[in-house]
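Going by the working numbering, the sequence shown opens with residue -4, and the numbers climb by one from there. Positions of the beta carbon are idealized from the N, C-alpha and C atoms, including for glycine.
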Amino acid sequence: MSFFDGLKFRRVDSAVHLMDPRVKFFYVFAIFAVAILFYELLPLIILFFVQIPFVILARVQREWIRSLRGAVFLAAVIFGTNLLFKFIYGGYSLAPSDLEHASAMTLRFLVLVESFSIFFLTTSPDHLGLALEQSHIPYEFCFAFTTAVRFVPVLAEEAQTIMDAQKARGLELEKGNFLKRIRNYIPILIPLIISAIRRSLELAEAMESRAWGAIQKRTNFYVLMLRKADYSMIIISILILVMGIYIRFNVPIPSFSP
């Protein structure tokens, strides 16, 4: 469940935390677009290390590392799946280029996890909802999205608590074949689904008691404003995007495999 730690906001006094959520989302979009453009290993390695200074500046290194550690399983699945398809469609043989391609696809996934982790670790759900509202998105969609962002880490923590409680009662999750392991998780999923339904009902009652939706024109006490650091981040994001597009179509990219 450590992967979901990268989706939980950490309140830290840093320059990245103070940036406008819209600017940080534009940065994530630039990283996402550049990562999708490349299927070679070298530019994805560079793109991975380019984001580390932002992590250090935001002072969320520990949570960021935990989110990457939680994504290792999915990364291994992506690596294995790419190798398997290369092996089957390559005449049941593997070349060094196949290994490099599978590594590049895996690193692309880690780059995307890295960028989204930086965004959610440094962006308050309140500011995120406010940014969506100021972008003229209907409030119902803003509320649904921010509520989901709030509840995903909560449900992950609750799932971990249920797993610990079931293990204390003698449930063995890691023993048996693949199908047996899936069946072992049924005692985890049922209490988690029931708990999620209870939380949704409590949330609905709380919204109804506060007359949610009674006022069409909503006002906010706080209004997001762009500052110098936000404009600097916009320039950096544009440079990353423009350089990525230019290199993709004009610069030959060397390969690690012969």
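Between the Cα of residue i and those of the options, spot the shortest distance and give me the residue it belongs to.
i      : options                        : result
Ser227 : Ala71, Phe115, Ala163, Phe49   : Phe49
Lys212 : Arg178, Asp121, Glu128, Phe111 : Glu128
Lys223 : Phe216, Tyr217, Ile231         : Ile231
Pro120 : Phe138, Ser62, Val72           : Phe138
Leu234 : Phe21, Gln161, His12, Phe146   : Phe21
Asn245 : Met14, Leu32, Lys3             : Leu32
Val237 : Phe27, Leu13, Ser9             : Phe27
Ile181 : Glu200, Met158, Trp207, Ile248 : Met158
Ile40  : His96, Tyr134, Ala10           : His96
Ile240 : Lys3, Val11, Val29             : Val29
Ser250 : Leu37, His12, Ile177           : Leu37
Met202 : Gly171, Met220, Pro148, Glu135 : Glu135
Please say whether residue j and residue i have beta carbons closer to each other than 8 Å?
i      : j      : result
Leu116 : Arg5   : yes
Val55  : Val23  : no
Thr118 : Pro16  : yes
Leu125 : Asn215 : yes
Ile183 : Ala163 : no
Leu187 : Asn179 : no
Pro91  : Ser195 : no
Phe43  : Ile73  : no
Leu63  : Ser9   : no
Phe114 : Lys3   : no
Ser110 : Trp59  : no
Could you tell me the alpha carbon to alpha carbon distance between residue i and residue j, rounded to whole angstroms?
i      : j      : result
Val106 : Ile229 : 19 Å
Ser98  : Gly75  : 10 Å
Val218 : Arg145 : 21 Å
Asp225 : Gln46  : 16 Å
Ser204 : Leu198 : 10 Å
Gly208 : Lys175 : 47 Å
Leu123 : Glu169 : 38 Å
Leu13  : Ser130 : 18 Å
Is residue i near the ligand MG, with its Cβ less than 7 Å from a heavy atom?
i      : result
Arg193 : Looking for the ligand MG in the displayed structure turns up nothing, as the structure carries no ligands at all.
Whole-angstrom Cβ separation of residue i and residue j, contact assumed at under 8 Å?
i      : j      : result
Glu35  : Ile189 : With 8 Å as the limit, Glu35 and Ile189 do not qualify as a contact, their Cβ atoms being about 47 Å apart.
Asp93  : Gly85  : 6 Å
Val108 : Ala66  : 5 Å
Lys81  : Leu89  : 6 Å
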